[in-house]
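In this note's numbering, the protein residues as written are 152 to 1147.
Working notes, structure below.
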């Protein structure tokens, strides 16, 4: 710049904003939380939304125990984005957070405290124990509430729902009583998953599968006798010779098979003392095999005969340490021959057994036997296996085969010969001494063919992490195939029918695969086990007649007056009322003799508690749901067997249909390498750590960027990438704030008066508004974010903002500058509201920078309606061509910049050759030099010369580089021929006019 040329910097309309480039989220986010609490933003939204169509997302209650993990954060952030987006699209979006407060995990913590003090939980007054559980839950609710709020989650935090509230306990009991009164409640005895460590039955949802090393044994059941049915011969066959042949065949089979061994294989040796039967496949080929030689170390002997499935014989002998050639197949064994055998237990006649196992074992075909592994025979202990139980139930033989050998702590009853007092599991969940004792005894009596160990997937309690067993216990069940009889039969007469019909006719699934999972589970599930043998929960509020059998009609007391007394007591005192002295007499009143009735003290499965939340949240609260249905249940994929499942069963039993219209499921959280998170591996990511380092908005953006329908990865490198995306979005918003400094309503320009570029951007806003709204309605947060991120970074920052900087900074008060600022104001209002459901803190920061005030908040705004006439498909088609040509020009200039021919694009005045006449006409109708940020540009339909630059993806466009002619304007930096010919030194005509 010459010495006499003025410095025009102060004459430019440079952006003005105090909005910081660095967000400082960890420090500033709590300030916004305090403000929202101060102005009561959730309540103000309810006032604003009065009269709107409600939208209810019903919160699946987390357990009130422990700090939040990253899975909690994912779940609650997704819910918050749903609620906020629905609210900003014009609904009355309510969110009542809740907690699951009853159940074993809290009991377990209190018992741990007792054990540390050397106290016996069973000697503590039950009401006192329950009070300690309640206080424990209250403490964690307060902690988790603060942790959830720190993530920017909105809702009725001052009035959440708790399953342990007196009102909730009353309604849970009332819901249970509906099962009692309709007759779907019954007491039965069947094998259920049982935790010896926790001494209670478990639901499928309370079980997780881990690898476990188990003992595996091949056990011998001796063929004690063999009989075939009489063979009837026709008159033609009834010769003496024929009869002798038949008798000889039978005698030969009798001699071959009597004394042989049927071999079973099991991974649960502890079930052998409870064995009552052996079953075989009805379509397998079986053979009789004889041992011809043995190695030095083997439990088989030369001459032993074994009956095995032919397909599995070789591998069975191999496990017994025999080599090929040390056994031979003697003969086939037919189904009829198998049916004629009587087996004895391997402990039959053992000294000291006191006849415990001397009864013959039942031996029959069953359809659950496979020939994929084992021996082709399955040993049956119906007290410890569901398939065996169902087989003998259907045969009407349960009384003959059910045993009660295993106690609630996993030990054998004291009077069981040989094994009394031994434990399947130790109190700490480790392997007990029962399996070893049983194996050793089998070796002693010659009942073992082989043994080994196997590593396999095995059920564990998700709380204690200890293995579980199947154990026959008296439990209370809800019959899901019994007609409910409550007159609510629109979706079916039974609970199962209602659930399956609801799944297909009432509920929308996101993703659709969720439908298949829940449908198949409910289609195949057994009756619902409602009872738990614990203390902290809502009791099964019922009475049974002393001396009556569960099958008797008068076994259960069904009396609405008694029920009402219970409910009134629970409303006032909570479920503790059931355990107080004199409770039975109090509830039975003068109507029944307390000496004739037993009070049930089992508690309800906690899944019944949480499954009943629709009753005491959606149907009971003023801020619940108008029709008792939730618009959405949103949880992880494991809840197909958990909350989605139990809520469906419970509601179908009491309301006749599902409690929800929509179900959304998300995946689990994994580390960056796709591994399951584990404290022992040190690969966990705590939400608190992320908020301290980056801020909660980065965690929320991670959720929005990810495909939540699959498992989500998170870790330091992934979070760095999220933070980079955040920075780019923040810069977009910062540019808008700077460009809109001192923007007034009087500056606004109507779309019809705007240049084409601005009208094209408005068209894109119209398109995006539809994408955002439909995306939010479909809960497609990843799709919404990707569209908005690309719009901000590619279409705004890299195109529109870049092009319009010259107009914004250098124009005077021109129509096109006011039009550009009008569009940027529109963009500001759209982007802040579009992004507010995701970046709750940052969009508040952006909004308050422009519209400060104690009562001001982006979260009190709705997404603005977008006029339909902003959409202009013909204009958009034209500008697609313009932008394609621009890409070729900017790419050509980048080559010159890289080669240091020019330092900036304003030094260029390229010649652009266009093959397509329609594109050429489009480019001539706009200020193409401004769009390409060059000082000049020439457009021609002449063929491009060979040396012209071409971009492969842009056909028909060739660019020949030329330098701009003239001098550099000292204000806008364009190189133009007229610079220096105007009143203001060193300026072009446009800048001279702007300076006045």
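C-beta: ideal position from N, C-alpha, C; glycine also.
In the three-state scheme derived from DSSP, where H, G and I count as helix and E and B as strand, residue 408 is classed as helix. By the neighbour-count criterion, in which 16 or more other beta carbons inside 10 Å mark a residue as buried, residue 790 falls on the buried side. In the DSSP assignment, residue 239 falls within the unbroken alpha helix (DSSP H) covering 221–239.
Apart from sequence neighbours up to five positions away, the residues of its chain that approach residue 570 with a beta-carbon distance below 7 Å are 424, 563, 585, 588, 589, ordered along the chain.
For the 8 Å CB-CB criterion, residue 428 and residue 519 do not form a contact. Between the alpha carbons of residue 953 and residue 979 lies a distance of about 17 Å.
Within the same chain, Cβ atoms closer than 7 Å to the Cβ of residue 955 are found at 971, the five residues on either side in sequence being excluded.
In the three-state scheme derived from DSSP, where H, G and I count as helix and E and B as strand, residue 698 is classed as coil. Of the candidates 215, 567, 180, 215 places its Cα closest to the Cα of residue 761. Following the DSSP letters along the chain, one finds residue 798 inside the alpha helix (DSSP H) bounded by residues 794–805. About 6 Å separates the CB atoms of residue 278 and residue 731; that is less than 8 Å, so the two are in contact.
The C-beta of residue 905 has 16 or more other C-beta atoms within 10 Å across all chains shown, which makes the residue buried. Leaving aside the five residues that flank residue 542 on each side, the residues in its chain whose CB is nearer than 7 Å to its CB run, in chain order, 517.
Just so you know, the alpha carbons of residue 365 and residue 618 end up roughly 11 Å apart. Judged by DSSP secondary structure, residue 912 falls within the alpha helix (DSSP H) whose first and last residues are 907–928.
Boundaries of the alpha helix (DSSP H) harbouring residue 265: 255–267, taken from the DSSP string. DSSP places residue 706 in the coil class of the three-state scheme, outside both helix and strand. Burial check for residue 968: the Cβ neighbour count within 10 Å reaches 16 or more, so the residue is buried.
The beta carbon of residue 1029 sits closer than 6 Å to those of 1073, all from its chain and outside the five residues before and after it, given in chain order. Under the 10 Å beta carbon count, residue 796 is surrounded by 16 or more other beta carbons and is classified as buried.
Scanning the region 175–202 for uninterrupted beta strand (DSSP E) segments of 3 residues or longer gives nothing; none is fully contained. In this structure, the beta-carbon distance from residue 254 to residue 688 falls below 8 Å. The beta-bridge partner set that DSSP reports for residue 750 consists of 694. Contact annotation: residue 984 and residue 239 have beta-carbon atoms nearer than 8 Å.
Residue 910 sits buried, since 16 or more C-beta atoms from the chains shown fall within 10 Å of its C-beta. Taking C-alpha positions only, residue 877 is separated from residue 871 by approximately 10 Å. Taking a cut-off of 8 Å for Cβ pairs, the region 921–929 and the region 1049–1061 do not touch, as fewer than three such pairs fall below it.
Taking a cut-off of 8 Å for Cβ pairs, the region 311–326 and the region 524–538 do not touch, as fewer than three such pairs fall below it. In the three-state reduction of the DSSP assignment, residue 961 falls in the helix class. Taking a C-beta distance under 8 Å as the contact criterion, residue 866 and residue 823 qualify as a contact pair. Distance from residue 1083 to residue 1041 at the Cβ level is roughly 6 Å; contact confirmed, criterion being Cβ atoms closer than 8 Å. Between residue 512 and residue 372 the beta-carbon gap is near 6 Å, inside 8 Å, which marks them as a contact. In chain order, 439, 456, 481, 482 place their CB closer than 8 Å to the CB of residue 407, counting only its own chain and leaving out the 5 sequence neighbours on each side. The three-state secondary structure of residue 376, taken from DSSP, is strand.
In its chain, beyond the 5 residues on either side, 170, 174, 179, 183 have a beta carbon closer than 8 Å to the beta carbon of residue 996. Contact between residue 747 and residue 696 holds, with the beta-carbon distance rounding to 6 Å and staying under 8 Å.
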